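One structure is given below, encoded as structure tokens.
Residue numbers (my numbering): 31 to 530.
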């Protein structure tokens, strides 16, 4: 049996976890909104048309923040079409995804939904076809108390108190040639800087996210980030990162090593941010918003057959399998290991569209990727310890040597608990682990939760929603005289909880 040694010291910390790292994303895309979170004619919906079964699953995830309304959708978004009496709202051709947007569900409905879901709103502004003035206006509508044109408009629409949305995205993927209103780095950096400056004049308490590269492989990567920050460094708080991974060639070991690429992406962007900081001789530190991340490849062929200008089609509805859940676990671990700089992250997306939750007319169910996401959000709170993992490695096609074991340890002093997240990527063998935890000698193993399945391609479907579910691993991990030892099953996601 292979062996992995995990090394920690409670005085060597990375950072306290920012809860926004467990965020998600709802875009007006496919059935994410319509039939996902909103379906007035469904027996599962409440008096506002919000699906109660979806809300329950979202609340179980304890999602702290949800990015809205896009995504590519934002670059053609007219926010004022989405507020006021529904019968007066115009339907529009939605150019980003080639559908009709009815605007039946809009900004205020999303704010109402977010409150019911116990989450906050991360709002995006349109810097594709619009700009500074429009961003100022929607901020005034949302956050200004009263006595101005747009704040009084909100009050007439039935919302006396401001929405007080704190986190705002300055556009979306503006480096991408596919983006409506695509810009050069300099054009976008100037626009983002001026937009952010004006927004802060109206509300100095907001946080702003500038668009980084759409993915690590963009031809303009690095130069894009450096140029944008040259223009907007003093105004923004975060720089965004987006990435998706897939297993199109059915090379599972390589696929499960994708988080090695994610780690390099994060490290590279941190370096660029700090280069601009040094160049400007600034005391300010730019943090990262990984506000789109997931596995995405299952639905690509089906999406090519969608009828143009339809309404809320079945689009990007990936059916996830067990190996996808393993990579999701490793991606969460990777972001937590960078918790000193990754302060916001949004799994894209939340419902139906490349999502952990699926709905139909029979109800809602959890996809395989739901479980590591839920475990991280519920248990991954506290301070990330600098977790050194001395694991055997294997060679991959795209990422070089990759460790068989990904792991991070989080200490929660308030709850007097320790949580260990670990993935064993070995498809053939269990992994023996050990960790000297004599600094926590009075802690005991409280539970060991596992997610595993013999079939890497096993899925949770409408007809079989509990095919891949977590279970309790008994007697596989123990704590004796301050030494933690145990076994991680082959191809498994593990949550080990210790309590004082």
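All C-beta atoms in this analysis are idealised placements derived from N, C-alpha and C, irrespective of residue type, glycine included.
This one's a predicted model, so the numbers in the text were calculated from it and none came from an experiment.
When the Cα atoms are used, what is the spatial distance from residue 398 to residue 55? 18 Å
Evaluate contact between the segment 128-148 and the segment 90-98, counting only Cβ atoms and requiring at least three cross-stretch pairs below 8 Å. yes
Would you tell me roughly how many angstroms separate the C-alpha atoms of residue 426 and residue 157, rounded to the nearest one? 39 Å
I'd like to check one pair, residue 271 with residue 356: are the Cβ atoms closer than 8 Å? no
Given a cut-off of 8 Å on the beta-carbon distance, is the pair residue 125 and residue 210 in contact? yes
Could you check how far apart the C-beta atoms of residue 239 and residue 303 are, in whole angstroms? I think they sit under 8 Å. About 13 Å separates the two Cβ atoms, so there is no contact after all.
Taking residue 105 as part of the beta strand (DSSP E), name the residues at either end of that continuous run. Counting along the chain, residue 105 falls outside any beta strand (DSSP E), and DSSP gives it neither H nor E.
Same chain, Cβ closer than 7 Å to residue 206, five either side skipped, listed in chain order: 212, 244
Between the Cα of residue 377 and the Cα atoms of 389, 407, 371, which residue gives the shortest distance? 407
Could you check if residue 455 is buried or exposed, using at least 16 other CB atoms within 10 Å of its CB as the buried criterion? buried
Per the DSSP calculation, residue 325 is bridged to which residue(s)? 275
Helix, strand or coil at residue 256 according to DSSP, with G and I counted as helix: helix
What residue does the beta strand (DSSP E) around residue 488 start on, and which one ends it? No beta strand (DSSP E) holds residue 488; DSSP gives it neither H nor E.
Closest by C-alpha distance to residue 130, when choosing among 473, 337, 402: 337
Within its chain, find whatever has a CB closer than 6 Å to the CB of residue 219; leave out the 5 residues flanking it on each side and keep chain order. 257, 258, 261, 262
Using the Cβ count rule (16 or more neighbours within 10 Å means buried), how would you classify residue 468? exposed
Looking at the strands, I want to know which residues DSSP matches up with residue 262. BP columns for residue 262 are empty, so no partner.
For the alpha helix (DSSP H) holding residue 359, just list the boundary residues, first then last. 352-367
Between the C-alpha atoms of residue 381 and residue 64, what's the straight-line distance to the nearest angstrom? 10 Å
Residue environment, residue 275, which counts as buried when at least 16 other CB atoms sit within 10 Å: buried
The beta strand (DSSP E) with residue 221 in it runs from where to where? Premise fails: residue 221 lies in the alpha helix (DSSP H), 215-232, not in any beta strand (DSSP E).
Using the Cα positions of residue 177 and residue 436, report the straight-line distance between them to the nearest angstrom. 54 Å
Length of the line joining the Cα atoms of residue 500 and residue 483: 10 Å
With burial defined as no fewer than 16 other Cβ atoms inside 10 Å of the residue's Cβ, what is the status of residue 340: buried or exposed? exposed
Residue 519 lies in the alpha helix (DSSP H); which residues open and close that run? No alpha helix (DSSP H) holds residue 519; DSSP gives it neither H nor E.
Beta-carbon proximity list for residue 281, same chain, < 7 Å, skipping 5 on both sides: 427
Cβ-Cβ distance between residue 473 and residue 528 below 8 Å: yes
Can you round the beta-carbon distance between residue 160 and residue 394 to whole angstroms, since I take them to be within the 8 Å contact cut? Between residue 394 and residue 160 the Cβ distance is about 35 Å, and since that is not below 8 Å, they are no contact.
Given this structure, state the Cα-to-Cα distance separating residue 197 from residue 105, to the nearest angstrom. 18 Å
Candidates 329, 279, 267, 352: closest to residue 29 by CA position: Any property of residue 29 remains undetermined from this structure, which presents the chain solely from 31 to 530.
Length at least 4, wholly inside the segment 444-518: the alpha helix (DSSP H) runs in chain order: none
Rounded straight-line distance, which links the Cα of residue 46 to that of residue 284: 31 Å
With the cut-off set at 8 Å, would you say residue 475 and residue 439 are in Cβ contact? no
Cβ-based burial, residue 50 [other Cβ within 10 Å; buried from 16]: buried
Would you mind stating whether residue 38 and residue 416 have Cβ atoms separated by less than 8 Å? yes
Does DSSP put residue 157 in a helix, in a strand, or in coil? coil
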